[in-house]
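Residues in the sequence shown are numbered from 96 upward in steps of one, following this note's numbering.
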Amino acid sequence: MKARRLGAVAAATLALTLAACGSGQPGGSSSGGGGDNGLKIGIKFDQPGMGLKKGTEYSGFDVDVAKYVAKALGTSEDKITWVQAPSAQRETLIQTGQVDFVVATYSITDARKQKVSFAGPYFVAGQDLLVRADDSSITGPDSLTGKKLCSVTGSTSAQKVKDKYPGVQLQEFGTYSECLPALQTGGVDALTTDDTILAGYAAQEQYKGKFKVVGKPFSQENYGIGLKKGDTAMCTKITDAIKKMISDGSWQKSLDSNLGPAGYKPGAGNPPTPAACS
């Protein structure tokens, strides 16, 4: 009898433990997320101007967008758990519930929409070129013939240059930040990736005034906020927050603060008009 009683107590304890674990899921996108439960938000940790972790501080345009959306969902900044979201892991983080949503220079594509849903776009970027501030010879991708161009191995930016501009001397590094010293010293003539990322690097204190974004984007990247596929309720709340951020001036203020020092000017279509969730 005692053994049966102890077994029943153990079973009840296990049930309570499992229930407690289940309640610890991030935000709870099916119920709208946010509020007192807090939010887990995926961002980049290594992109100055967009998403950067320095010590225990997080900064960048994406970070500001994430904070604004979180506040609109009823979550204060101190209730946000920031999760590193490398490009290749973003869909997995969302699908497995490790984050409530992702704000990480996340281009909306048809392939990605098969796995996750998107709110937005909240920004329209484009592949561009970063050159030395005193270089007037490079005015766009068509003037790259014979020039040494730096990009990252395996990136879509590098592949696009290979496909469209075979006359360029492409040098592929492991990270974009490795390209900057080479650009500064003349080892390469230009660096290419999304214009937002380029502007963020150029705005870093050690590089202020040394580089400029050419301003002739040759692709269109619609940045969206990725979330669990089919969660229309959460998507609508996030979209409403994006619209408000644009209309009340907070969007422009953040853009000027994070990317303005590099002389970055958004291309046509910025600020964008977020699409309806479906």
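In this text, a Cβ means the ideal position worked out from N, Cα and C, and glycines have one as well.
For aspartate 230, the three-state DSSP class (helix, strand or coil): Three-state result, aspartate 230: coil.
DSSP three-state assignment for isoleucine 203, whether helix, strand or coil: Judged by DSSP in its simplified three-state form, isoleucine 203 adopts coil rather than helix or strand.
How far does the beta strand (DSSP E) with serine 212 in it extend, from its first residue to its last? Annotation for serine 212: the continuous beta strand (DSSP E) segment containing it runs 211–220.
What residue from Phe213, Ser212, Gln184, Met340 has the CA that sits closest to valine 160's CA? Nearest option by C-alpha distance: Met340.
Could you spell out where the beta strand (DSSP E) holding leucine 275 opens and where it closes? Looking at the DSSP string, leucine 275 is not in any beta strand (DSSP E); the run it does join, the alpha helix (DSSP H), is 271–280.
Buried or exposed for alanine 199, going by 16 or more other Cβ atoms inside 10 Å? Alanine 199 is buried by the Cβ-count criterion.
By the three-class DSSP mapping on this structure, what secondary structure does aspartate 289 have? For aspartate 289, the secondary structure class from DSSP, reduced to helix, strand or coil, is strand.
Which of helix, strand or coil DSSP assigns to valine 178: Correct three-state label for valine 178: strand.
Proximity to valine 226 [Cα-Cα], best of Pro216, Ser238, Val219, Gly215: Checked all of Pro216, Ser238, Val219, Gly215; the closest Cα to valine 226 is Ser238.
Three-state secondary structure (DSSP) at tyrosine 359? Tyrosine 359 falls in the coil class under three-state DSSP.
Run through DSSP, which three-state label would serine 314 get? In this structure, serine 314 counts as coil in the three-state DSSP scheme.
Once DSSP output is grouped into helix, strand and coil, what is the label at valine 247? It is a strand residue.
Helix, strand or coil at glycine 295 according to DSSP, with G and I counted as helix: Reduced to three states, the DSSP call for glycine 295 is helix.
Please work out which residues of its chain come closer than 6 Å, Cβ to Cβ, to glutamine 315, disregarding the five sequence neighbours upstream and downstream, and give them in chain order. Counting only Cβ-Cβ distances below 6 Å, and skipping sequence neighbours, we find Gly221.
Grouping DSSP H, G and I as helix and E and B as strand, with all else coil, what is isoleucine 347? According to the sequence provided, residue 347 is glutamine. The question's isoleucine does not apply to it. In this structure, glutamine 347 counts as helix in the three-state DSSP scheme.
DSSP three-state label for phenylalanine 156, please. Phenylalanine 156 falls in the helix class under three-state DSSP.
I'd like to know if the region 169–183 and the region 203–212 are in contact, where contact means that at least 3 CB-CB pairs between them fall below 8 Å. Because the criterion of three Cβ pairs below 8 Å is not met, the region 169–183 and the region 203–212 do not touch.
Taking the alpha carbon of phenylalanine 303 as the point to measure from, which residue in Ser182, Gln264, Pro356, Tyr260 has its own alpha carbon closest? Position check: residue 303 holds lysine in this sequence, whereas phenylalanine was assumed. Answer by Cα proximity: Pro356.
Return yes when at least one heavy atom of the ligand PLP lies under 7 Å from the C-beta of aspartate 326, else no. As presented, the structure is devoid of all ligands, the ligand PLP included, so that no description of it is given.
Identify, in the order they occur along the chain, each residue of the same chain with its Cβ nearer than 7 Å to the Cβ of glycine 123, setting aside the five sequence neighbours on each side. With a pLDDT of only 42 at glycine 123, under the threshold of 50, the placement of this residue in the model should not be trusted; the figure read from the coordinates follows. A distance below 7 Å between beta-carbons, with the five flanking residues on each side excluded, links glycine 123 to the following residues of its chain, in chain order: Asn132.
Let me confirm a value: glutamate 300 is counted as buried when at least 16 other C-beta atoms fall within 10 Å, else exposed. Which label applies? The residue in question, glutamate 300, is exposed, as its Cβ has fewer than 16 Cβ neighbours within 10 Å.
By a C-beta neighbour count over all protein chains shown, 10 Å radius and 16 as the cutoff for buried, is serine 252 buried or exposed? Using a 10 angstroms sphere on the CB of serine 252, the tally of other CB atoms reaches 16 or more, which defines it as buried.
Where do the N-terminal and C-terminal ends of the alpha helix (DSSP H) with glutamate 186 fall, by residue? Note, glutamate 186: alpha helix (DSSP H), 185–190.
Can you check which of these residues, Leu224, Leu350, Tyr163, Ala371, is closest to alanine 328 by C-alpha distance? Closest option to alanine 328, Cα to Cα, is Ala371.
Would you mind sorting aspartate 343 into buried or exposed? The rule is 16 or more other CB atoms within 10 Å of its CB. Burial is judged here by how many other beta carbons sit within 10 angstroms of a residue's own beta carbon; aspartate 343 has fewer than 16 and is exposed.
Would the region 278–289 count as touching the region 231–247 if we require 3 or more Cβ pairs under 8 Å? Three or more beta-carbon pairs drawn from the region 278–289 and the region 231–247 are found closer than 8 Å, and the two stretches are therefore classed as touching.
Pull up the distance between the alpha-carbon of glycine 325 and that of serine 212, whole angstroms please. Looking at the backbone, the Cα of glycine 325 and that of serine 212 are separated by about 6 Å.
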